[in-house]
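Residue numbering for the sequence shown is -20 to -1, 1 to 104, as defined by mature numbering (1 follows the signal peptide of the UniProt record, and there is no 0).
For glycine and all other residues, C-beta sits at the position ideal for the given N, C-alpha and C.
Note that the coordinates shown come from a computational prediction; the quantities given were computed from them, not determined experimentally.
The structure appears below as structure tokens.
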Amino acid sequence: MKRLLSACALLSLLAGCASNDIIDPHGYDKTGTASYYGAKHQGKRTASGERFDKNSLTAAHRQLPFGTRVKVTNLNNDKSCVVRINDRGPHTRGRLIDVSHAAAVRLGMIGSGTAKVRVQALDD
């Protein structure tokens, strides 16, 4: 009985985490706030199952499918880079995307920690 209750509790938690529907990336073009994550997450599993590498050009997004490539442009300095979605997040309200440390360097947002960005899905 304890196992059954534990399993039900786990399924309830997972269902709550899955409340954000995956969207079609075709034509995705949004503006919002980006942040970055790095050293303390290094080597931990991402939501896609791969290990996080702060030196790779990857990002977390709440709804875009894993593997989606997006162009992120820092609207404050016009620097941009292409990242691959491999994680879920950001977990801070009001943020659109979390990029890896390497992407943050390319975007010129290390000093500020956040930046206003444009995120555009790329068609492969």
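Under the rule that a run must span 3 or more residues, the beta strand (DSSP E) segments found entirely inside the region 17 to 79 read 38 to 40, 49 to 54 and 60 to 67.
Spanning the alpha carbons of H6 and A101 requires a straight line of approximately 7 Å. An exposed status is given to N35, since fewer than 16 other beta-carbon atoms sit within 10 Å of its beta-carbon. Counting C-beta atoms within 10 angstroms of its own C-beta, L76 has 16 or more neighbours from the protein chains shown and is therefore classed as buried. Put simply, the region 19 to 32 does not touch the region 48 to 58. Fewer than three CB pairs are less than 8 Å apart. The beta carbon of K24 is closer than 8 Å to those of R31 and F32 in its chain, skipping five residues each way along the sequence. For the options G88, V99 and A82, the alpha carbon positioned closest to that of N57 is the one of G88. The residue from D1, K20, D103 and T72 with its alpha-carbon nearest to that of R64 is D103. Its chain contains L37, C61 and V63 as the residues whose beta carbon lies nearer than 6 Å to that of A83, once the 5 sequence neighbours on both sides are disregarded; these appear in chain order. Judged by DSSP secondary structure, L102 falls outside any alpha helix (DSSP H); it is assigned neither H nor E. With fewer than 16 neighbouring CB atoms inside 10 Å of its own CB, T72 falls in the exposed class.
By the beta-carbon neighbour count (other beta carbons within 10 angstroms, threshold 16), D78 is buried.
Beta-bridge partners of G12 (DSSP): V97.
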